[in-house]
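*Asks:* Residues in the sequence shown are numbered from 1 upward in steps of one, following the UniProt record's numbering. Where is the CB? At the ideal position from N, CA and C, for every residue including glycine. Please read all numbers here as calculations on a predicted model, not as lab measurements.
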Amino acid sequence: MPLSALSRSTALSAEEEAYRHLLQAICAGHYRNGERLIAEDIATTLGMSRMPVRSAFQRLAAEGLVILRPHRGAVVSGLDLDDMREVFEMRSALEGLAIRLATPHVGPREMTRLERLLEDLDDEQEPGAWVAQHRAFHEYLCSLAGRPRLLRQINGLYALIEPHMQLWLHADRPQSARDEHAPILAALRAGDAAEAERVLREHIEGTVPDLLTFIERSGDQTRSAPPR
Numbered sequence: 001m002p003l004s005a006l007s008r009s010t011a012l013s014a015e016e017e018a019y020r021h022l023l024q025a026i027c028a029g030h031y032r033n034g035e036r037l038i039a040e041d042i043a044t045t046l047g048m049s050r051m052p053v054r055s056a057f058q059r060l061a062a063e064g065l066v067i068l069r070p071h072r073g074a075v076v077s078g079l080d081l082d083d084m085r086e087v088f089e090m091r092s093a094l095e096g097l098a099i100r101l102a103t104p105h106v107g108p109r110e111m112t113r114l115e116r117l118l119e120d121l122d123d124e125q126e127p128g129a130w131v132a133q134h135r136a137f138h139e140y141l142c143s144l145a146g147r148p149r150l151l152r153q154i155n156g157l158y159a160l161i162e163p164h165m166q167l168w169l170h171a172d173r174p175q176s177a178r179d180e181h182a183p184i185l186a187a188l189r190a191g192d193a194a195e196a197e198r199v200l201r202e203h204i205e206g207t208v209p210d211l212l213t214f215i216e217r218s219g220d221q222t223r224s225a226p227p228r
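1) At the level of alpha carbons, what is the spacing between S77 and L23?
2) With H, G and I counted as helix, E and B as strand and the rest as coil, what does DSSP make of I38?
3) Report the residue from W130, G156, A186, A187 whose alpha carbon sits nearest the alpha carbon of residue 229.
4) By how many angstroms is the C-alpha of R100 removed from the C-alpha of A190?
5) Compute the Euclidean distance between the alpha carbons of R228 and L81, then round it to the nearest angstrom.
6) Between the segment 49-63 and the segment 12-21, can you find at least three pairs of beta-carbon atoms closer than 8 Å?
7) How long is the line joining the alpha carbons of V75 and A186, rounded to whole angstroms?
8) Based on DSSP bridge pairs, tell me the residues matched to residue 230.
9) Helix, strand or coil, according to DSSP, for L160 in the structure here?
10) Note down the Cα distance separating A193 from M111, rounded to an integer number of angstroms.
11) When burial is assigned at 16 or more other CB atoms within 10 Å of the CB, is A182 buried or exposed?
12) Could you tell me if T213 is buried or exposed, where buried requires 16 or more neighbouring beta carbons within 10 angstroms of its beta carbon?
13) Helix or strand or just coil, what does DSSP make of H30?
14) Can you give me the start and stop residues for the alpha helix (DSSP H) that R147 sits inside?
15) Please tell me whether F88 and V208 are closer than 8 Å, where the distance is taken between their beta carbons.
16) Suppose you measure from the CA of L117 to the CA of A39; what does that come to, to the nearest Å?
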């Protein structure tokens, strides 16, 4: 491989590493809304230069997870209550489309995988791992639509709400995964795309009132986005 191509490959790998590190940390709530991300500190932690970290900031900004500000750098973005409603509305619409497209492609092998993911979810007690497992279930389900761009959009929306879901589960969210997801699997077994879309959207939209009530009641920093 020519040296210039090797350099580009190395830089890309470092950027991807920085991006994944930051995405995971933000989704896990290690960085709070409004917190400044220091490129130098992150680069030192990861053992790389600042350039790939700053490139990762750009990607995260494009996904709405950070805000880039002159003379302040990257700041972790936040969602106010209206933002949260909008994100769930978008998730409902896009995941509804995904499951409608996916239903004809769900056979015995796919059902077995979905059931196994749901069993793992039902057995999980640690809130952070529960959120990650819940995302894995929905991500695999949506991937069966065979629409990579659609899946990327859905994953981006999920990343925006994941820190809030973590806080909610740490507090008082009941983790009745099987009861909540059973109607989705039943519709898929029946091959009923319209019913699968309906129950999935109902499942997603049913989360909103309790989550928003928790945010308002807790007075957590997730209530409002940082000043723009």
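*Replies:* Put simply:
1) Spanning the alpha carbons of S77 and L23 requires a straight line of approximately 12 Å.
2) coil
3) Examination of residue 229 is not possible in this model, given that the chain is present from 1 through 228 alone.
4) 13 Å
5) Any answer about R228 is weak, because its pLDDT of 29 lies below 50 and its placement is not dependable; what the coordinates show is given next. If I take the Cα positions, the gap works out to 16 Å.
6) Taking a contact to require three or more Cβ pairs closer than 8 Å, the segment 12-21 and the segment 49-63 qualify as touching.
7) One C-alpha to the other measures close to 43 Å.
8) An answer regarding residue 230 cannot be provided, because it is not within the stretch 1 to 228 covered by the chain.
9) helix
10) 15 Å
11) exposed
12) Burial call: exposed.
13) coil
14) No alpha helix (DSSP H) contains R147, which DSSP labels as neither H nor E.
15) Yes, the Cβ-Cβ distance between F88 and V208 is below 8 Å.
16) 36 Å
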